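Read through the structure below, which is laid out as structure tokens, and then see the notes.
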Amino acid sequence: MAKQYALVTGAAGFIGSRLTEKLIERGRNVIALDCFLPDLYSSDVKRGRWERLTGKEEGELIKIEFDLRKDDFARLGSYEISSVFNEAAMPGLIQDWGKFQPYYDCNISALNRLLEFVRTKSIESFVHASTSSVYGKNAVGKENQELRPTSPYGVSKLAAEKLLLAYLEWHSTPVRILRYFSVYGPNQRPDMAYAKIIENLKQGNEFVIHGDGEQRRSNTFIDDIVEATLLSENQANPGDVSKSALTINSASSFH
Ligand SMILES: NC(=O)c1ccc[n+]([C@@H]2O[C@H](COP(=O)([O-])OP(=O)(O)OC[C@H]3O[C@@H](n4cnc5c(N)ncnc54)[C@H](O)[C@@H]3O)[C@@H](O)[C@H]2O)c1
Numbered sequence: 051m052a053k054q055y056a057l058v059t060g061a062a063g064f065i066g067s068r069l070t071e072k073l074i075e076r077g078r079n080v081i082a083l084d085c086f087l088p089d090l091y092s093s094d095v096k097r098g099r100w101e102r103l104t105g106k107e108e109g110e111l112i113k114i115e116f117d118l119r120k121d122d123f124a125r126l127g128s129y130e131i132s133s134v135f136n137e138a139a140m141p142g143l144i145q146d147w148g149k150f151q152p153y154y155d156c157n158i159s160a161l162n163r164l165l166e167f168v169r170t171k172s173i174e175s176f177v178h179a180s181t182s183s184v185y186g187k188n189a190v191g192k193e194n195q196e197l198r199p200t201s202p203y204g205v206s207k208l209a210a211e212k213l214l215l216a217y218l219e220w221h222s223t224p225v226r227i228l229r230y231f232s233v234y235g236p237n238q239r240p241d242m243a244y245a246k247i248i249e250n251l252k253q254g255n256e257f258v259i260h261g262d263g264e265q266r267r268s269n270t271f272i273d274d275i276v277e278a279t280l281l282s283e284n285q286a287n288p289g290d291v292s293k294s295a296l297t298i299n300s301a302s303s304f305h
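Okay, structure coming up:
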């Protein structure tokens, strides 16, 4: 039988890099893919994570610099891909609706290209990283609340969910969708509050909190989110939205 690979997109990112490490630790062969998007935070940080990713004898790693928005999927065509973990995205909660384009390009159009490629493969699972930002301004609370995204990011990620479910309907693509709540931990994104608070503490600077200081947000530790993502590959069903994240998040989140 030909060697089987898990494809991890966004593998130089905060979550994708940890997920890649865990897959390799478990002896899985991985194709890691990323384009080092410079938009939200420095691509050097991403390249640093990428350099640290290494394969093992039991757990081959193939790293491919690849832009899902425009590169030719024929470059991946020769590999037997049995599973996809889609972590690639343009995150960030800017409210400037004049800057929607990168969210559209990376979170919707690139996903459409990836799903078209995947249609040519017989994969068992496609796990997609969605976000609590699909719920609305305050990413906190129950997972059955109304979907009311208020940012370009949240809107594009909700559209991505609908696109995935349409592929399940039309092409039986075995999609599973996890709505991650804000993730923190080693190698976290420098644009997120945790990293900024720690940096300010280290420098002895003040950290400005907007609002009345009473706002709440759910948070999840990186290894819990990675575990939920790995579990959902086999334990969630195609079309499930957020089930594994629900269990892990309620077990480990704090406010
Ligand atoms: N970190 C969080 O708190 C959080 C919360 C909710 C959801 N998410 C979701 O989890 C996933 C991973 O987030 P993260 O925090 O690791 O973000 P990240 O920015 O660190 O990682 C995303 C990676 O995707 C890559 N990428 C973007 N567009 C690409 C393209 N067109 N082609 C190839 N690679 C591309 C980027 O270069 C980056 O390395 C995203 O889908 C995000 O929406 C993250």
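Quick note: my numbering has the sequence shown finishing at residue 305, numbered continuously throughout. All C-beta atoms, glycine included, are put in the ideal place defined by N, C-alpha and C. Computed from a predicted model, the values in this text were never measured in an experiment.
query: I think I272 touches R68, with their Cβ atoms under 8 Å apart; what is that distance to the nearest whole Å?
result: For the purposes of this step, residue 272 is taken as the residue at position 222 of the sequence shown. For the purposes of this step, residue 68 is taken as the residue at position 18 of the sequence shown. So it is a contact: roughly 5 Å between Cβ atoms.
task: Measure the alpha-carbon distance for N194 versus E130 and round it to whole angstroms.
output: As a first step, residue 194 must be located in the sequence shown, where it is residue number 144. As a first step, residue 130 must be located in the sequence shown, where it is residue number 80. Just so you know, the alpha carbons of N194 and E130 end up roughly 37 Å apart.
query: What residue does the alpha helix (DSSP H) around S93 start on, and which one ends it?
result: Residue mapping note: residue 93 aligns to position 43 of the sequence shown, counting from 1. For S93, the enclosing alpha helix (DSSP H) has its first and last residue at 93-102.
task: State yes or no: is the C-beta of D117 nearer than 7 Å to some heavy atom of ligand 1?
output: Within the sequence shown, numbered from 1, the residue matching residue 117 stands at position 67. Yes, since a heavy atom of ligand 1 falls inside the 7 Å radius drawn around the Cβ of D117.
- request: For R266, decide whether its Cβ has a neighbour in chain C, counting only Cβ atoms nearer than 8 Å.
  value: Judged by its chain identifiers, the structure shown contains no chain C, having just a single protein chain.
task: Kindly give me the distance between the Cβ atoms of I114 and L165, rounded to whole angstroms, as I take these residues to be in contact under 8 Å.
output: For the purposes of this step, residue 114 is taken as residue 64 along the sequence shown, with counting starting at 1. For the purposes of this step, residue 165 is taken as residue 115 along the sequence shown, with counting starting at 1. In this structure, I114 and L165 do not form a Cβ contact; the two beta carbons are roughly 18 Å apart against a cut-off of 8 Å.
query: Whose C-beta lies closer than 7 Å to the C-beta of L208 among residues of the same chain, with five residues either side of it excluded?
result: Here residue 208 refers to the residue found at position 158 when the sequence shown is read from its first residue. Around L208: V184, L197, P199.
- prompt: If you count every other CB in all the chains shown that lies within 10 Å of the CB of K96, and 16 or more means buried, which is it?
  reply: Walking along the sequence shown from the start, residue 96 turns up at place 46. Buried is the call here.
field: Beta-carbon spacing of I90, G148 below 8 Å
entry: Start at 1 with the first residue of the sequence shown, and residue 90 comes out as number 40. Start at 1 with the first residue of the sequence shown, and residue 148 comes out as number 98. As written in the sequence, residue 90 is Leu, which differs from the Ile given in the question. The answer is no: Cβ separation not under 8 Å.
task: May I have the straight-line CA-CA distance separating A295 from Y230, to the nearest angstrom?
output: Here the question's residue 295 lines up with position 245 in the sequence shown. Here the question's residue 230 lines up with position 180 in the sequence shown. Any answer about A295 is weak, because its pLDDT of 46 lies below 50 and its placement is not dependable; what the coordinates show is given next. In this structure, the alpha-carbon of A295 lies about 7 Å from that of Y230.
query: Hey, out of T104, S180, Y55, whose CA is closest to G127's CA?
result: Counting from one through the sequence shown, the residue named residue 127 turns up at place 77. Restricting attention to T104, S180, Y55, the CA atom closest to the CA of G127 is found in Y55.
message: For ligand 1, is there any heavy atom lying closer than 7 Å to the beta carbon of I65?
response: By one-based count along the sequence shown, residue 65 stands at place 15. Distances taken from the Cβ of I65 to the heavy atoms of ligand 1 include one shorter than 7 Å.
- request: Output the distance between the C-alpha atoms of V190 and C156, rounded to the nearest integer angstrom.
  value: Reading the sequence shown from its first residue, position 140 is the one you call residue 190. Reading the sequence shown from its first residue, position 106 is the one you call residue 156. Approximately 25 Å between the Cα atoms of the pair.
task: Could you tell me the distance, in whole angstroms, from the CA atom of S222 to the CA atom of L161?
output: Position 172 of the sequence shown holds residue 222. Position 111 of the sequence shown holds residue 161. So the two alpha carbons sit approximately 16 Å from each other.
N-terminal and C-terminal residue of the beta strand (DSSP E) that E71 is part of: Numbered from its first residue, the sequence shown carries residue 71 at position 21. Premise fails: E71 lies in the alpha helix (DSSP H), 64-75, not in any beta strand (DSSP E).
message: Going by C-alpha to C-alpha distance, which of P88, A124, N79 sits closest to E108?
response: Counting from one through the sequence shown, the residue named residue 108 turns up at place 58. Selected option, being the one with the closest Cα: N79.
message: Less than 7 Å separating the Cβ of A209 from some heavy atom of ligand 1?
response: Locating residue 209 in the sequence shown gives position 159, counting from the first residue. Relative to the non-hydrogen atoms of ligand 1, the Cβ of A209 never comes closer than 7 Å to any of them.
query: Of the choices A179, R102, T59, whose alpha-carbon is the least far from that of E277?
result: Indexing the sequence shown from 1 puts residue 277 at position 227. For the options A179, R102, T59, the alpha carbon positioned closest to that of E277 is the one of A179.
- request: Helix, strand or coil for A210, going by three-state DSSP, please let me know.
  value: Walking along the sequence shown from the start, residue 210 turns up at place 160. In the structure shown, A210 sits in a helix (DSSP, three-state: H, G or I).
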